Every structure is written in C-alpha cells, then in structure tokens.
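Residue numbers (my numbering): 218 to 612.
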C-alpha cells in the first residue's frame with residue numbers, strides 16, 4: 218500500500234493491484250462444476266483476492282436462494298463462517314439469502330428497500346447483520362462503491378481512495394491538487410498491474426480496465442456543522458468536484474463517507490500541525506485533534522442516538538452509496554424503537570447495531586476510546602418508553 222498526504226487530503230493506493238473491488242458470487246464457479254463440488258477452491262479464490270486488495274473486497278451473493286437450501290444445515294453454517302472469517306471481505310445479501318445465515322457476528326450486509334423485520338430483523342437488531350436501504354436494482358456497497366444492476370453483478374475495481382475533511386473542500390474545489398495526485402497514483406498502479414498480469418500473478422477474476430474507478434470519501438461532518446457550515450453549499454461543491462474529476466481522469470468516481478477512524482485522525486493532526494484554516498473547527502486540547510469519520514457524530518462518543526443516525530437530507534442526491542451509522546446501545550433494541558428511529562432518519566443511512574455483547578470494531582485508540590455500553594442512550598419504544606433517572610448509575 219502507498220499513501221500520499223496532500224494539503225487537506227490523504228490518498229491511499231497500491232503499486233501493482235487495484236485498491237479494492239467487488240463481484241457477484243457466481244465467479245466462484247468459473248472452471249468448477251459447482252461450489253458444492255470444490256468449496257475449498259472457491260474459498261481459495263476469495264482469500265487470494267483479500268490478500269491482493271488492501272481496501273477490501275465485496276462479495277455480492279447473487280446465487281439463487283435454492284442454492285443454499287440444498288445444503289445440510291451444518292455445511293451451510295460452516296460455509297458462511299469460512300467466508301466471513303476472511304480478512305477484509307464483506308458479504309452482501311438479499312433478504313431471502315440472509316435468512317440462511319446462522320447465528321454469530323458476521324461482517325455481512327442485507328440490502329432491502331424496507332427495514333428488516335421478522336427473523337432477518339432479529340438478526341439485524343442483534344448486530345449479526347447490517348442493513349443497507351436499497352432504492353433500485355443497483356448494489357450500493359458501503360465503504361466501496363456501486364455495482365451496476367444486472368442479473369449477475371459484474372466485477373468492479375477501485376484504483377484507490379481519497380479522503381478529505383468537509384472543511385477543506387473549498388480549498389480543493391479547483392481539483393488540480395487532487396487530479397495531479399490521483400493521476401500519478403493511477404499511472405503507477407496501471408504500470409505495476411500490467412507487469413503482474415504479464416507474469417501470470419493475478420487471480421481468476423477478470424480485470425476490466427473500464428470498470429476501475431476511484432472512491433472519494435468524506436470526514437469531519439460534526440466539525441463542519443460545529444463551524445456553521447452550509448450543507449446545501451458543500452453538497453453542491455461535492456457534485457461539481459465529482460464531475461470535474463470524472464472528466465479529467467476519465468474514470469468513475471464513487472462518492473461516499475469515510476468510516477476509517479485512523480484516516481480521519483491523520484487529517485486532523487495534519488490540520489493542526491500545518492496550521493490549515495479548517496483546524497478552527499477541531500476541539501481544543503487536551504481533547505485529541507482528530508476529525509470525526511463520516512458525516513454524523515462519532516460512534517465512539519456517548520451522544521444521543523439521533524446524532525449518530527441522522528445525516529443531511531440531501532445526501533441521496535450527492536453520495537453514491539449510503540453512509541454507515543454504527544449505533545452502540547446498552548441492549549438489543551426493540552423493533553418498535555428501531556422503527557421509530559428509522560422514521561426520523563429519512564432517508565435512512567446504512568445501519569449496524571452494536572449491542573453490549575458485541576465488541577466494537579477496531580482499531581482501538583487510547584486517545585479516543587469507546588464509551589461503555591451503559592453510557593449510550595437507548596432507542597425507546599414509543600409505546601412503552603422509559604426515561605433514564607437523573608441519578609441512575611450512581612452509587
């Protein structure tokens with residue numbers, strides 16, 4: 218992996234492979250009679266991909282639902298556990314396939330137009346699955362990009378990812394600094410990948426040059442609001458910047474939110490170290506000078522649930538895939554409480570619950586630890602709400 222730190226942005230790419238990618242599950246059967254006949258070879262393909270792509274790989278499970286029903290229950294559970302144990306791999310399912318998952322904490326996302334209910338909804342509220350609102354036939358993959366709508370999801374790739382705080386957008390609006398850095402990184406990756414392909418050191422998944430794009434991710438939404446920023450203005454600037462980058466680089470640009478705590482912290486330290494204008498929105502010492510990942514409140518802070526779930530209403534017109542909200546709660550939320558929250562968050566982001574029996578995702582920063590589960594506000598049932606006592610929790 219290579220990193221380029223520019224004034225107000227951080228670029229991550231690789232020397233001889235794409236940064237990240239995604240594909241439908243049917244590529245696992247290319248050259249095989251079926252996944253049933255050679256499950257080990259199918260898993261080996263996934264592990265080879267995860268080794269090559271530091272930004273992660275999204276597996277879109279587009280097999281017919283009957284495929285899983287033909288397996289015994291124990292074999293089905295072992296298959297899913299083996300897939301989700303692969304580092305940097307995220308699994309994306311429809312609601313019918315999600316019903317086949319066993320219990321346990323999976324790095325999986327269920328894509329459906331409405332909030333999950335029934336058995337799938339129980340898995341979602343327990344933190345086993347995340348939910349991505351699906352408005353059309355396309356697969357919108359959190360933290361990756363957009364897979365075009367088709368019966369079989371085609372492979373897609375990213376040359377790299379550029380992260381910038383919203384406060385720096387006015388400085389980067391011309392796009393010249395971003396174009397120069399992205400062009401240099403893309404050229405180096407293309408030359409290295411050509412050598413890799415010529416040497417036969419590539420995986421079985423076909424590589425399509427025209428399907429490779431870039432991801433532009435955003436951080437510092439909380440700091441932007443604290444500084445009195447205008448959402449309509451900044452979202453318009455983002456759309457203009459995306460169009461400019463697509464025209465200059467001749468590649469797709471996938472615009473989303475940043476979910477990486479470390480990258481957001483690096484951008485905050487850069488702003489303080491170099492005295493950049495947008496440093497004024499950062500908290501004063503001794504608080505850590507780090508931007509908040511994404512557009513909403515930091516999930517590590519014990520703030521009201523709505524502050525972590527609500528995003529600017531116009532994000533659907535600007536972002537290519539939903540921002541992710543990690544909602545830590547002191548207990549598994551009731552269905553009515555989850556429904557009440559979703560009714561407020563319109564349009565809803567991609568939501569993953571983190572009940573207390575699930576560990577929060579790493580890395581764990583000593584300067585910015587997760588608050589204990591009991592400190593987070595609970596999504597109250599609107600029909601049976603219980604307000605926390607003023608001195609509750611004190612000895």
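The beta carbon of each residue, even a glycine, is placed where N, CA and C say it ideally should be. Please read these numbers as outputs of a predicted model, since none were measured by experiment.
- Identify, in the order they occur along the chain, each residue of the same chain with its Cβ nearer than 8 angstroms to the Cβ of residue 390, setting aside the five sequence neighbours on each side. Numbered from 1 along the chain shown, position 173 holds the residue referred to as residue 390. Same-chain partners within the cutoff: 454, 457 and 458.
- Within 10 angstroms of the Cβ of residue 225, are there 16 or more other Cβ atoms? Answer buried if so, exposed if not. Position 8 of the chain shown, counting from 1, holds the residue named residue 225. Residue burial annotation: residue 225 is buried, with at least 16 other C-beta atoms found within 10 angstroms of its C-beta.
- Around the C-beta of residue 607, are 16 or more other C-beta atoms found within 10 angstroms, so that it is buried, or is it exposed? What you label residue 607 is simply residue 390 of the chain shown in a count that begins at 1. For residue 607, the predicted model reports a pLDDT of 45, less than 50, meaning its position is unreliable; a value from the coordinates is still stated below. The residue is exposed, with fewer than 16 neighbouring Cβ atoms inside 10 Å.
- Message: Taking 6 angstroms as the limit between beta carbons, can you name the residues of its chain near residue 172, skipping five residues before and five after?
- Response: Because residue 172 is not part of the residues shown, which for the chain are 218 to 612, the question remains open.
- Report the rounded CA-to-CA distance for residue 517 versus residue 495, giving the unit in angstroms. As a first step, residue 517 is located in the chain shown; it is residue number 300 there, counting from the start. As a first step, residue 495 is located in the chain shown; it is residue number 278 there, counting from the start. Those two C-alpha atoms are separated by around 23 angstroms.
- Query: What residues match up with residue 378 in a beta bridge as DSSP calls it?
  - Reply: If you number the chain shown from 1, residue 378 lands on position 161. Partner(s): 229 and 432.
- Item | Burial state of residue 601 (16 or more Cβ within 10 Å) | For the purposes of this step, residue 601 is taken as the residue at position 384 of the chain shown. Bear in mind that a pLDDT of 44 at residue 601, under 50, signals an unreliable position, so the model cannot answer this.
- Message: Suppose contacts are defined by Cβ-Cβ distances below 8 angstroms. Is residue 328 in contact with residue 349 by that definition?
- Response: Here the question's residue 328 lines up with position 111 in the chain shown. Here the question's residue 349 lines up with position 132 in the chain shown. Taking 8 angstroms as the Cβ cut-off, residue 328 and residue 349 qualify as a contacting pair.
- Message: Just to confirm my understanding: we take residue 218, look at its own chain, exclude 5 residues before and 5 after, and list those with CB closer than 6 angstroms. What are they?
- Response: Numbered from its first residue, the chain shown carries residue 218 at position 1. Cβ neighbours of residue 218 beyond the five flanking positions: 231 and 271.
- Task: Report, in whole angstroms, the separation of the C-beta atoms of residue 240 and residue 372, which I expect to be a contact under 8 angstroms.
- Result: Translated into the one-based positions of the chain shown, residue 240 becomes position 23. Translated into the one-based positions of the chain shown, residue 372 becomes position 155. Contact flag correct, Cβ pair sits at about 4 angstroms.
- Task: Scan the stretch 317-370 and note each continuous beta strand (DSSP E) run of 3 residues or more that stays entirely inside, going in chain order.
- Result: 325-329 and 346-350
- Message: Out of 432, 341 and 588, which one is the CA nearest neighbour of residue 378?
- Response: Taking the chain shown and counting its residues from 1, one reaches residue 378 at position 161. Per the Cα distances, 432.
- Relative to the C-alpha of residue 484, which residue among 299, 399, 381 and 267 is closest? One-based indexing of the chain shown puts residue 484 at position 267. Looking at the Cα atoms, 381 is the closest of the given residues.
- Residue environment, residue 478, which counts as buried when at least 16 other CB atoms sit within 10 Å: Along the chain shown, read from residue 1 onward, the residue named residue 478 stands at position 261. Within 10 angstroms of the beta-carbon of residue 478 lie 16 or more other beta-carbons, which makes it buried.
- Item | Buried or exposed (CB count within 10 angstroms, at least 16 for buried), residue 336 | Mapped onto the chain shown, residue 336 falls at position 119. It is exposed - the Cβ of residue 336 has fewer than 16 other Cβ atoms within 10 Å.
- Item | Contact under 8 angstroms by Cβ, residue 474 with residue 434 | Taking the chain shown and counting its residues from 1, the one referred to as residue 474 is at position 257. Taking the chain shown and counting its residues from 1, the one referred to as residue 434 is at position 217. A distance below 8 angstroms separates the beta carbons of residue 474 and residue 434.
- Query: In this structure, does DSSP put residue 568 in helix, strand or coil?
  - Reply: For the purposes of this step, residue 568 is taken as residue 351 along the chain shown, with counting starting at 1. Correct three-state label for residue 568: strand.
- Item | Between the CA atoms of residue 589 and residue 581 - distance to the nearest angstrom | One-based indexing of the chain shown puts residue 581 at position 364. One-based indexing of the chain shown puts residue 589 at position 372. Whole-angstrom Cα-Cα distance: 13 angstroms.
- Message: So, at 8 angstroms on beta carbons, what are the nonlocal neighbours of residue 206 in its own chain, with the 5 sequence-adjacent residues on each side left out?
- Response: Within the shown structure, residues of the chain are numbered from 218 to 612, placing residue 206 beyond reach of any answer.
- Item | As assigned by DSSP and simplified to three states, the class of residue 489 | The residue given as residue 489 occupies position 272 in the chain shown. Residue state, collapsed to three classes: helix.
- Should residue 584 be labelled buried (16 or more other beta-carbon atoms within 10 Å of its own) or exposed? Position 367 of the chain shown holds residue 584. The residue in question, residue 584, is exposed, as its Cβ has fewer than 16 Cβ neighbours within 10 Å.
- Task: Tell me, to the nearest whole angstrom, how far the beta carbon of residue 531 is from that of residue 452; I am working on the premise that it is less than 8 angstroms.
- Result: Residue 531 sits at position 314 when you count from the first residue of the chain shown. Residue 452 sits at position 235 when you count from the first residue of the chain shown. Their Cβ separation, rounded to whole angstroms, is 5 angstroms, which keeps residue 531 and residue 452 in contact under 8 angstroms.
- Message: Taking the alpha helix (DSSP H) that residue 448 belongs to, which residues open and close that run?
- Response: Looking up residue 448 in the chain shown gives position 231. That run of the alpha helix (DSSP H) goes 448-466.
- Task: Mind reading off the beta-carbon distance from residue 363 to residue 537? Whole number of angstroms is fine, and I expect it under 8 angstroms.
- Result: For the purposes of this step, residue 363 is taken as the residue at position 146 of the chain shown. For the purposes of this step, residue 537 is taken as the residue at position 320 of the chain shown. Indeed they touch by this definition, with Cβ atoms about 5 angstroms apart.
- Candidates 446, 326 and 234, of which the one nearest residue 406 by Cα: Taking the first residue of the chain shown as position 1, residue 406 is located at position 189. Checked all of 446, 326 and 234; the closest Cα to residue 406 is 234.
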